[in-house]
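Below is one structure, written out as structure tokens; comments come after it.
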Amino acid sequence: MNADEPQMNVDKKPKPDPRSSAFIGGHDHSLPASQGPGVGGHGEKLLAWYRQGHRDLPWRRTADPYRIWVSEIMLQQTRAQAVIPYYQRFLERFPTVDALAAAAEEDVLALWSGLGYYSRARNLHRAARLVAGAGSFPRDYDALRALPGIGDYTAAAIASIAFQLPYAVLDGNVLRVVARVENDASDITATRTRGRFRAVAQEWLDPRHPGMFNQALMELGATLCLPRNPLCLVCPLAAVCRAREEGVAAQLPVKLRKTAAEQIDGTLLIVRRGCRILLRQRDAAARRMPGFWDLPAPEDLPAARTGRHFGEIRHTITHYHYTLTVMAASWAPLPKANPGPRFGWFRPMRLAGIPLSTTARKALKLVGIL
Ligand code: SF4
8 MNADEPQMNV
18 DKKPKPDPRS
28 SAFIGGHDHS
38 LPASQGPGVG
48 GHGEKLLAWY
58 RQGHRDLPWR
68 RTADPYRIWV
78 SEIMLQQTRA
88 QAVIPYYQRF
98 LERFPTVDAL
108 AAAAEEDVLA
118 LWSGLGYYSR
128 ARNLHRAARL
138 VAGAGSFPRD
148 YDALRALPGI
158 GDYTAAAIAS
168 IAFQLPYAVL
178 DGNVLRVVAR
188 VENDASDITA
198 TRTRGRFRAV
208 AQEWLDPRHP
218 GMFNQALMEL
228 GATLCLPRNP
238 LCLVCPLAAV
248 CRAREEGVAA
258 QLPVKLRKTA
268 AEQIDGTLLI
278 VRRGCRILLR
288 QRDAAARRMP
298 GFWDLPAPED
308 LPAARTGRHF
318 GEIRHTITHY
328 HYTLTVMAAS
338 WAPLPKANPG
348 PRFGWFRPMR
358 LAGIPLSTTA
368 RKALKLVGIL
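So for the sequence shown, my numbering puts the first residue at 8; every next one is plus one.
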């Protein structure tokens, strides 16, 4: 516990220097009273805490920018534990950026199946082709940022972790830590707040160890500075955390703009012929998951008769909550000139080699086929 550490006197804090690298985009007039470089002198504590006990994740055992990039893309919107098996399979199959660039998109999507947010995989593949074509991996922030699928966060993560460049990352975990340490109740969905918090994170960043510092801050958010019950008693930043001092940590960060949840109900059909299962392929021009294989819905097979009710599966994408009833159905041949979706019969062992939607995967697990 750090309760005996001296508290930071915010009134004596010097103003940010606009000539320093910490000064970003002229935000000094609106910066919160930041704790200064190294989080009020507690950067070493944070790094020591990280060195002692961080989770041993496979992407933390490499400095290869390609591997770090793959992990950062997979980790967007997805928990670390869920990413590990996908990361390992993906890199076994595509161990280098050249191997990924040479792959067919369908093979890339097949290995991504179940991770969701498939535009990430498509962009990664497109970017790999650009990198392979250029002959070397980009080594600076702007060149990384220019690749498809790489935004501010990912460019800063790769630049700092792979190349030790001093760019602070700002993900959901870091936003939460900044809001709490600074006791700042501004709405984090506002661009202006994010810009300000980014400047604070940049000011905190230890330029001697930017990669490790960024990872330590994210690890703190993921394992101690938890959304509902922050573990302040064992936190290396407790002595400089204003929200902890005021007893308001669990109320931060403030997120005002909330999209209303939408409930969507539907049905998925399990149609079998011998040991094969019927799937339909989404159109190549579909807005969501083009080219993916899915279980047919009743409207795809109007002549099919439904039978056994297997149960329900649930799936959430952003604010859409799906409840899908899974039912057996008989196969009724489609007219020859069927203008509808493309269908295919698959043996279960082939399903690992095709891009399969997460809802189909869940339904096939429910039925015991996967
Ligand atoms: S003291 Fe508590 S609220 Fe503050 S950064 Fe640490 S875990 Fe988060």
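The beta-carbon is built from N, C-alpha and C at its ideal position, and this holds for glycine as well.
Return helix, strand or coil for residue i, following the three-state DSSP convention.
i, result
"L38", "Its pLDDT being 37, under 50, L38 is placed unreliably in this model, and the value from its coordinates should be taken loosely. DSSP places L38 in coil when its eight states are reduced to three."
"L231", "coil"
"L244", "coil"
"L371", "helix"
"A186", "helix"
"V46", "helix"
"N130", "helix"
"K22", "Only weak support exists for where K22 lies, its pLDDT of 32 falling under 50; the value from the coordinates is given anyway. Looking at K22 - three-state DSSP - the assignment turns out to be coil, as it is neither helix nor strand."
"A153", "coil"
"I376", "coil"
"G33", "With a pLDDT of 27 at G33, under the threshold of 50, the predicted position of this residue should be treated as unreliable, and no value is reported."
"Q171", "coil"
"V465", "The structure shown does not extend to residue 465, since the chain is modelled only from 8 to 377, so the question has no answer here."
"T366", "helix"
"G121", "coil"
"F220", "helix"
"S28", "Bear in mind that a pLDDT of 33 at S28, under 50, signals an unreliable position, so the number given afterwards is only what the model happens to contain. In the structure shown, S28 sits in coil (DSSP, three-state: anything other than H, G, I, E or B)."
"F204", "helix"
"R199", "helix"
"D159", "helix"
"G142", "coil"
"L54", "helix"
"R136", "helix"
Please determine, among the options, the residue with the shortest C-alpha to C-alpha distance to residue i.
i, options, result
"V181", "Q288, T365, V46", "V46"
"R315", "I195, F97, V333", "V333"
"W66", "Y93, Q59, G50, A55", "Y93"
"V207", "Q222, V185, A197, P214", "V185"
"A1", "R127, L131, G123, Y125", "This structure leaves residue 1 out entirely; the chain is present only between 8 and 377."
"G298", "R187, R129, K52", "R129"
"G48", "Y174, A359, V188, L151", "V188"
"G140", "A106, A359, S120, A166", "A106"
"I165", "G50, G202, Q222, V115", "Q222"
"D178", "W56, L172, T161", "T161"
"P348", "A197, D290, K369, A111", "D290"
"F170", "S126, I284, T198, T69", "T69"
"G156", "A135, T330, A267, R321", "A135"
"T325", "L373, G121, A267, P309", "A267"
"A339", "C239, I91, D307", "D307"
"T85", "Y124, E210, D63", "Y124"
"Q83", "I284, R201, S126, L233", "S126"
"W300", "R294, T366, T198", "T366"
"G283", "L137, L371, R152, G158", "For clarity, residue 283 is Arg in the given sequence; the question names Gly instead. The shortest C-alpha separation from R283 is found at L371."
"R295", "L363, W211, C242", "L363"
Tell me, please, which residues DSSP counts as bridged to residue i.
i, result
"D194", "V261"
"E253", "In DSSP, E253 forms no bridge with anything."
"E269", "Y327"
"I277", "A335"
Below 6 Å, is the gap between the Cβ of residue i and the nearest heavy atom of the ligand NAP?
i, result
"A339", "The model on display carries the ligand SF4 but not the ligand NAP."
Continuous beta strand (DSSP E) assignments of at least 3 residues falling wholly in the stretch 282-364:
283-288, 313-324, 327-336, 349-353
Uninterrupted alpha helix (DSSP H) stretches inside the stretch 61-115 (no shorter than 4 residues):
72-82, 87-100, 104-109
Any chance the stretch 323-338 sits against the stretch 263-279, with 3 or more Cβ pairs inside 8 Å?
yes
Is the stretch 222-230 in contact with the stretch 138-150, if contact means three or more CB pairs nearer than 8 Å?
no
Would you call the stretch 71-83 and the stretch 92-111 in contact, with 3 or more CB pairs under 8 Å?
For the pair of segments examined, the stretch 71-83 was found to touch the stretch 92-111: the number of CB pairs separated by less than 8 Å reaches three.
Please determine if the stretch 301-321 and the stretch 251-261 are in contact, where contact requires at least 3 C-beta pairs separated by less than 8 Å.
no
Three CB pairs or more closer than 8 Å across the stretch 278-291 and the stretch 205-221:
no
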